[in-house]
Amino acid sequence: MSYSVVITADRGSFTDYSRSTALGYVACMPYRLVPRIMMDKIFAPELKTGREVEAKFAPYALRKVEASVYSAGIKSVGVVPPSALERAVDSNTKVVGISVHDPYGLSPVSTKLTMLFGGGPSWTARFFEELGEKVSELKKKYGFRVIVGGPGVWQMSLERPDWVDVVFNGEVEVDMPKVINDLVAGREVPRIVNGRNAPVEQIPTIIKPSRMGEVQITRGCPRGCQFCSITPETFRTIPMEQIKRELSINIAAGETVSDLITDDIMLYGSKRLGVNHEAIVNLFSEVKKMGIEQMYFSHISAPPVVQSPETVEAISHIAEYDRYGAETPVIGLESGSERIISKYMRGKPFPYRPEQWGEVIVESARILADNHVHACYTMTIGYPDETDEDVEKSIRLVEDIIESGVKVWVFPLPVIPITSTRLAKNPFPALEKLPSKYWELLYIAWKHDLKVTRDLMPGLNARLNNGVVAKMVEFMTDRIFSSIEDVFKEFMETKGRKAYDYSKIDLSGMLGAVKSVYWLSLSVINKHREQESKGAVSVSS
Numbered sequence: 001m002s003y004s005v006v007i008t009a010d011r012g013s014f015t016d017y018s019r020s021t022a023l024g025y026v027a028c029m030p031y032r033l034v035p036r037i038m039m040d041k042i043f044a045p046e047l048k049t050g051r052e053v054e055a056k057f058a059p060y061a062l063r064k065v066e067a068s069v070y071s072a073g074i075k076s077v078g079v080v081p082p083s084a085l086e087r088a089v090d091s092n093t094k095v096v097g098i099s100v101h102d103p104y105g106l107s108p109v110s111t112k113l114t115m116l117f118g119g120g121p122s123w124t125a126r127f128f129e130e131l132g133e134k135v136s137e138l139k140k141k142y143g144f145r146v147i148v149g150g151p152g153v154w155q156m157s158l159e160r161p162d163w164v165d166v167v168f169n170g171e172v173e174v175d176m177p178k179v180i181n182d183l184v185a186g187r188e189v190p191r192i193v194n195g196r197n198a199p200v201e202q203i204p205t206i207i208k209p210s211r212m213g214e215v216q217i218t219r220g221c222p223r224g225c226q227f228c229s230i231t232p233e234t235f236r237t238i239p240m241e242q243i244k245r246e247l248s249i250n251i252a253a254g255e256t257v258s259d260l261i262t263d264d265i266m267l268y269g270s271k272r273l274g275v276n277h278e279a280i281v282n283l284f285s286e287v288k289k290m291g292i293e294q295m296y297f298s299h300i301s302a303p304p305v306v307q308s309p310e311t312v313e314a315i316s317h318i319a320e321y322d323r324y325g326a327e328t329p330v331i332g333l334e335s336g337s338e339r340i341i342s343k344y345m346r347g348k349p350f351p352y353r354p355e356q357w358g359e360v361i362v363e364s365a366r367i368l369a370d371n372h373v374h375a376c377y378t379m380t381i382g383y384p385d386e387t388d389e390d391v392e393k394s395i396r397l398v399e400d401i402i403e404s405g406v407k408v409w410v411f412p413l414p415v416i417p418i419t420s421t422r423l424a425k426n427p428f429p430a431l432e433k434l435p436s437k438y439w440e441l442l443y444i445a446w447k448h449d450l451k452v453t454r455d456l457m458p459g460l461n462a463r464l465n466n467g468v469v470a471k472m473v474e475f476m477t478d479r480i481f482s483s484i485e486d487v488f489k490e491f492m493e494t495k496g497r498k499a500y501d502y503s504k505i506d507l508s509g510m511l512g513a514v515k516s517v518y519w520l521s522l523s524v525i526n527k528h529r530e531q532e533s534k535g536a537v538s539v540s541s
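Read in full-length UniProt numbering, the sequence shown has 300 at position 300, and its numbers run on one by one without any break.
Here is the structure:
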């Protein structure tokens, strides 16, 4: 079956990460360090198609594009995984739309991991390259036009592939339907289109099921941090009735889990950054009443958690996080420096003051962990005027979190000059340009993260939809974590120069997979021998 409009994404996005989004971060590693078979079977297995070529479940962003195009009168539209493109595209296809998340591997996580492990393209970049090769060949054969959008489309302004006809920045609902109609009709369209923000009433409901029960509950963020492309005036709460319509579509397809997409779950129904306890509790209650067994959320922020701990307690009770847990929602810590917070993200601590930021972070971590929510606190390091003194304050804040005993992750990430932000003119991060104290911060944070991951791994593995995959992840975690702490210690001692040692390692092929298992096993044996040796010395002494 062919379509007039085909919507797709690269393999790094068109996956359910074996039902555990935390596994998706592996795609941010240099592709030469992770064997292809592990990506295909564990970390980024492709979503399956139904009887035809369409995906039964698809990433939420693609479902929103599909709904917008469909509501504009184009009914011949299909959302297909990249492996099915050859079967979905033919001479009747006029437009191929692609959503990109990290096409060149320039996201904060990809930049950090590729920088640490010897450079080279990440798996996210490799997956996009593979999709591009396929689309380019099909375009030569059938002559359709290509439009690219999505959260990573800013990277296209740095290098635009010659097979891309239109780069679409921003939200799709208001302006993309007209652009698609013009492309289908063969009319001229600007090479770059900036989509306007959609009023809530113009955001259509998805018409087919989304991956892992994804449903958007808010859009935008009102805090206005300089490193972020989301501006304060974009914040909207999605009405409960629309959320329920989308939940119904997923439930009808057999989904019992819902991932609530938001930049801050605590701002649902909010006005002026205040916590709307009643609206949030009603949201979780209604989702639960519809038959959803497990519900999770993607992002949360520290100030409203401290403002309203009773709201966190209420949603934890409704969602049964004491039973299921809520691991890895992202929360922005950014910096322990009052100066950095005041200059680059003054709205971040509101309603608290920048000088209270450290207390807010530690208290939020305690409240969340007490309610079975184990968050990922992300940091941004590498502002233009950031000093070692600023980073030292960040180190002290991380140490305060560790000393509190709470089980949360802390990830120091580099500041990325996203082209649509106020830091667009910043240089891209480089090993030699990071503050020297960064490496100490990285070691302290990762040493803590490894312990937290070991402690919480049973809960993380419980979400995986495949028992064999769960066992493999457990095996790899145990083996890798036995030696990786020493790696990060060497990063600290060499100020990052250890990273160059990884530049010539290539494990991407089948031989690499065999080598990986061998090296992992060998590292455990050596570690065991080392421990035995220490034990023997201790006894003899």
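Glycine included, C-beta positions come from ideal geometry on N, C-alpha and C.
Residue range of the alpha helix (DSSP H) that includes residue i
i, result
"residue 245", "240-252"
"residue 258", "That residue, residue 258, is in no alpha helix (DSSP H); its beta strand (DSSP E) goes 257-261."
Identity of the residues DSSP links to residue i by a beta bridge
i, result
"residue 376", "330, 409"
"residue 114", "Answer is none; residue 114 lacks a bridge partner."
"residue 219", "236"
"residue 30", "122"
"residue 6", "78, 96"
"residue 210", "58"
Reduced DSSP category for residue i - H, G, I as helix; E, B as strand; rest coil
i, result
"residue 484", "helix"
"residue 415", "coil"
"residue 505", "coil"
"residue 365", "helix"
"residue 273", "coil"
"residue 381", "strand"
"residue 15", "strand"
"residue 267", "helix"
"residue 435", "coil"
"residue 386", "coil"
"residue 519", "Since pLDDT at residue 519 reaches only 47, below the 50 mark, its modelled position is unreliable, and the value read off the structure follows with that caveat. Reduced to three states, the DSSP call for residue 519 is helix."
"residue 404", "helix"
"residue 353", "coil"
"residue 451", "helix"
"residue 127", "helix"
"residue 423", "coil"
"residue 458", "helix"
"residue 430", "coil"
"residue 395", "helix"
"residue 492", "helix"
"residue 444", "helix"
"residue 224", "coil"
"residue 544", "With the chain represented from 1 up to 541, any question about residue 544 goes unanswered, as that position is not in the structure."
"residue 513", "With a pLDDT of only 47 at residue 513, under 50, the local geometry of the prediction cannot be trusted, and the value read off the model is given with reservation. Of the three classes helix, strand and coil, the one that applies to residue 513 here is helix, per DSSP."
Selected residue, minimal CA-CA separation from residue i, among the options
i, options, result
"residue 350", "329, 209, 304", "304"
"residue 248", "231, 222, 214", "214"
"residue 7", "52, 72, 1, 77", "77"
"residue 299", "220, 450, 145", "220"
"residue 156", "341, 180, 128", "128"
"residue 2", "89, 59, 18, 58", "89"
"residue 292", "172, 246, 239, 148", "246"
"residue 25", "371, 53, 95, 111", "111"
"residue 256", "19, 505, 494, 9", "19"
"residue 80", "284, 142, 51", "51"
"residue 196", "177, 254, 189", "177"
"residue 232", "238, 240, 222, 325", "222"
"residue 435", "22, 228, 348, 415", "415"
"residue 252", "259, 290, 225", "290"
Tell me the start and end of each unbroken beta strand (DSSP E) in the segment 276-350 that is at least 3 residues and wholly inside, in chain order. 294-297, 326-334
Please specify which runs of the alpha helix (DSSP H), each continuous and at least 4 residues long, are wholly inside the segment 37-108, giving them in chain order. 60-71, 85-88
Can you give, in chain order, each stretch of the alpha helix (DSSP H) that sits fully within the segment 129-208 and has at least 4 residues? 176-185
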